[in-house]
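I have placed the structure first, in the form of structure tokens, so that the comments after it can refer back to it.
Numbering (mature numbering (1 follows the signal peptide of the UniProt record, and there is no 0)), first residue to last: -21 to -1, 1 to 157.
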């Protein structure tokens, strides 16, 4: 007795996750990302285990402008980025410290990081995401894109791929609504 292959309709009815997967964009473990408004393209690590996105920054200072909270920082990517960047402060996030970063005498299990809104282009998708600022110069990738931002990109991450979306090619305004 031979079995007939099942139709695609059967899979979509019995495995609804497959239908959703068809609407998503497959990205690799690493992708090129254009930081709109900063005119910079960087290699990013897509990390489904991280909740938030992080951008490598140094000399991070919060200040007030017209009664609003802002942040001034320098990119901690290479020596070529010596001019300050200023953005409105979206919020301050509490990030859980890694085991090697935890000091029992200090007693803080979390570190506070300023968060800004940033328009990021990966492939042909441009999205406005929240990015926390921290010095990532010890890491290979200056931009980490976590699960909250990946949701905004309707992303599926295939860790066997790298740079699947190609070079950023965005022309329109970033989507802010979900």
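Where is the CB? At the ideal position from N, CA and C, for every residue including glycine.
Burial state of residue i (16 or more Cβ within 10 Å)
i           : result
residue 125 : buried
residue 137 : exposed
residue 102 : buried
residue 24  : buried
residue 71  : exposed
residue 115 : buried
residue 131 : buried
residue 65  : exposed
residue 44  : exposed
residue 33  : buried
residue 93  : buried
residue 150 : exposed
Residue from the options with nearest C-alpha to residue i
i           : options               : result
residue 51  : 35, 19 and 39         : 39
residue 159 : 145, 142, 139 and 128 : This structure gives no information on residue 159, because the portion of the chain shown stretches from -21 to 157.
residue 74  : 91, 64, 67 and 61     : 91
residue 27  : 117, 57 and 6         : 6
residue 63  : 36, 120, 93 and 44    : 36
residue 14  : 106, 142 and 144      : 106
residue 142 : 22, 67, 150 and 110   : 22
residue 95  : 12, 61, 41 and 150    : 41
residue 117 : 57, 49 and 2          : 57
residue 49  : 61, 68 and 55         : 68
residue 121 : 3, 10 and 2           : 10
residue 17  : 89, 54 and 46         : 54
Under the three-state DSSP convention, the category residue i falls into
i           : result
residue 2   : coil
residue 115 : coil
residue 157 : Note on residue 157: pLDDT 46, under 50, position unreliable in the model; the coordinate value appears next. Residue 157 falls in the coil class under three-state DSSP.
residue 146 : coil
residue 29  : coil
Paired residues, beta bridge with residue i - DSSP
i          : result
residue 90 : 74
residue 34 : 112 and 122
residue 43 : 48
residue 14 : 19 and 99
residue 24 : 9 and 123
Any non-hydrogen atom of the ligand FAD closer than 7 Å to residue i Cβ
i           : result
residue 107 : The ligand FAD is not part of this structure, which contains no ligands at all.
Boundaries (first-last residue) of the beta strand (DSSP E) holding residue i
i           : result
residue 137 : 134 to 141
residue 54  : 47 to 54
residue 64  : 64 to 67
Min CB distance residue i to chain B below 8 Å
i          : result
residue 21 : No chain B is present in this structure, which holds just one protein chain.
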